[in-house]
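Visitor: Chains B and A supply the protein sequences, listed in that same order.
Positions 943 to 1108 (the numbering used here) are the ones given, in order, by the first sequence.
Positions 943 to 1108 (the numbering used here) are the ones given, in order, by the second sequence.
Protein chains: 2
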Amino acid sequence: MDQQHEDEVDRIVAAWQRERPDLDVEPLTVFSRVDRLARHLDRARRTAFARGHLETWEFDVLSALRRAGEPYRLSPGALVTQTLVTSGTMTNRIDRLEERGLVVRRRSPDDRRGVLVELTPDGLERVDAAMTDLLAVEARILDALEPGGRPALAALLRTVVGQFDD
Amino acid sequence: MDQQHEDEVDRIVAAWQRERPDLDVEPLTVFSRVDRLARHLDRARRTAFARGHLETWEFDVLSALRRAGEPYRLSPGALVTQTLVTSGTMTNRIDRLEERGLVVRRRSPDDRRGVLVELTPDGLERVDAAMTDLLAVEARILDALEPGGRPALAALLRTVVGQFDD
DNA sequence: GTCAAGAGTCTTGACGTCGAGACACATCGA
DNA sequence: TCGATGTGTCTCGACGTCAAGACTCTTGAC
Chain B
943 MDQQHEDEVD RIVAAWQRER PDLDVEPLTV FSRVDRLARH LDRARRTAFA
993 RGHLETWEFD VLSALRRAGE PYRLSPGALV TQTLVTSGTM TNRIDRLEER
1043 GLVVRRRSPD DRRGVLVELT PDGLERVDAA MTDLLAVEAR ILDALEPGGR
1093 PALAALLRTV VGQFDD
Chain A
943 MDQQHEDEVD RIVAAWQRER PDLDVEPLTV FSRVDRLARH LDRARRTAFA
993 RGHLETWEFD VLSALRRAGE PYRLSPGALV TQTLVTSGTM TNRIDRLEER
1043 GLVVRRRSPD DRRGVLVELT PDGLERVDAA MTDLLAVEAR ILDALEPGGR
1093 PALAALLRTV VGQFDD
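Right, dumping it as structure tokens:
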């Protein structure tokens, strides 16, 4: 592992090491970076989506519908579990997406309590364009890795994330 | 890289692959996991801190003060840059931390516009306990990695995060 | 059939964050 | 000394999320 340049996390970890020499602070070298990376990604996404006039939360919902495949329909409950927000939040999101004409609510044919949320043609077009832009941005970020770095990183992350699947 | 078990991200990526065969969706294998990991970490932290009756945002601020070293004093502006929130948010946070007796505001001696936020003994005790708990939780999560996995993961993340330091 | 328990969706109020701008003071050049 | 510009902190209104609970309909046992 080359030493390139001291980054912000290195400084934070060094500070903790100095202040709490009784602790093993190595986990911070991983998790602080995960945190910061997630934050930066948020920003990158926001700017990527802004070109197509989409908000991050809109993409969250639309992309779940998009990757479900034709006819691009899911229940609010399914959207809740896929996007990891609460039901109240999802109701609010669907309301706003419906106002903007990106989805429509349909009554479920076989459960009268149920509702199905469906992508409109405009919603489909927007989410496809956003995904194209997003992948372009993300690919450029990963270009900093050496060959083999991408799958290695994915595999390591997968192992760690797997710890939470209980 | 062993194939262990298909995880949620694998399913998401496979779905995109099927729906958009024109795109290279490999970046998702990294960034989707970063996202999910960050979310899970949030939860893990919240429960770890709950034992010491601290909120995540409180720890954010208190830990910046703690690792600054004695006398555990920073300006609101410094706290803003370290915690990556806006100034309005920081004012609000300091207000609440002051009410709870975990920090105090002092006038800066050499800049009459300025303020210095200082950890109280109670704040110091709480943040130290929280850090101890947090590292225990994080270390256990990383135990899933093989030897050498931790530094490898940290190095890869560092390269990627470095892309944003502009 | 009927009733209890469960499932799916939506409503409500509280809360934390953001972004823009206000205000006080500092700094620097003329 | 004076004004212009920069810096540090705080105020305010809008917004999105959450948690808890209300409501409607379904399911299964009796």
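Beta carbons: idealized from backbone N, C-alpha and C, even for Gly.
Computed from a predicted structure; not experimentally measured.
For residue 1017 of chain A and residue 1056 of chain A, which I take to be in contact (beta-carbon distance under 8 Å), what is that distance rounded to the nearest angstrom?
Guide: Rounded, the Cβ-Cβ distance is 6 Å, consistent with contact.
Visitor: Could one say the Cβ of residue 977 of chain A lies closer than 9 Å to chain B's Cβ atoms, at least one of them?
Guide: Cβ-Cβ to chain B under 9 Å: yes for residue 977 of chain A.
Visitor: In chain B, which residues lie with their C-beta within 9 Å of the C-beta of residue 1003 of chain A?
Guide: Result: empty, since nearest Cβ-Cβ is about 14 Å, beyond 9 Å.
Visitor: With residue 1057 of chain A as the anchor, note down where its beta strand (DSSP E) starts and where it stops.
Guide: Here the beta strand (DSSP E) through residue 1057 of chain A covers 1057-1061.
Visitor: Give a yes or no on whether the C-beta atoms belonging to residue 1045 of chain A and residue 990 of chain A are separated by under 9 Å.
Guide: Result no, Cβ atoms of residue 1045 of chain A and residue 990 of chain A do not sit closer than 9 Å.
Visitor: Is the segment 965-972 of chain A close to the segment 991-1007 of chain A, with three or more CB pairs under 8 Å?
Guide: No, the segment 965-972 of chain A is not in contact with the segment 991-1007 of chain A.
Visitor: Does DSSP classify residue 1048 of chain B as helix, strand or coil?
Guide: Three-state DSSP puts residue 1048 of chain B in a strand.
Visitor: So does the segment 1032-1042 of chain B actually touch the segment 946-956 of chain B, counting three or more Cβ pairs closer than 8 Å?
Guide: No: the two stretches stay apart, fewer than three of their Cβ pairs being nearer than 8 Å.
Visitor: Give the single residue among B:1075, B:1106 and B:1083 whose Cα lies nearest to the Cα of residue 979 of chain B.
Guide: Looking at the Cα atoms, B:1083 is the closest of the given residues.
Visitor: For residue 962 of chain B and residue 1010 of chain A, I'd like the C-alpha separation in whole angstroms.
Guide: Their backbone Cα atoms lie some 12 Å apart in a straight line.
Visitor: Quick one: give me the first and last residue of the alpha helix (DSSP H) that residue 1093 of chain B is part of.
Guide: Here the alpha helix (DSSP H) through residue 1093 of chain B covers 1091-1104.
Visitor: Hey, would you say residue 1098 of chain A sits closer than 9 Å to residue 1077 of chain B, going by beta carbons?
Guide: No, the pair does not count as a contact, with Cβ atoms beyond the cut-off.
Visitor: Could you pull out every residue in the same chain whose Cβ sits closer than 7 Å to the Cβ of residue 1093 of chain B, ignoring the five residues on either side in sequence?
Guide: Taken in chain order, the list of residues that qualify is empty.
Visitor: Can you tell me where the alpha helix (DSSP H) with residue 1086 of chain A in it begins and where it stops?
Guide: Per DSSP, residue 1086 of chain A belongs to no alpha helix (DSSP H) and is neither H nor E.
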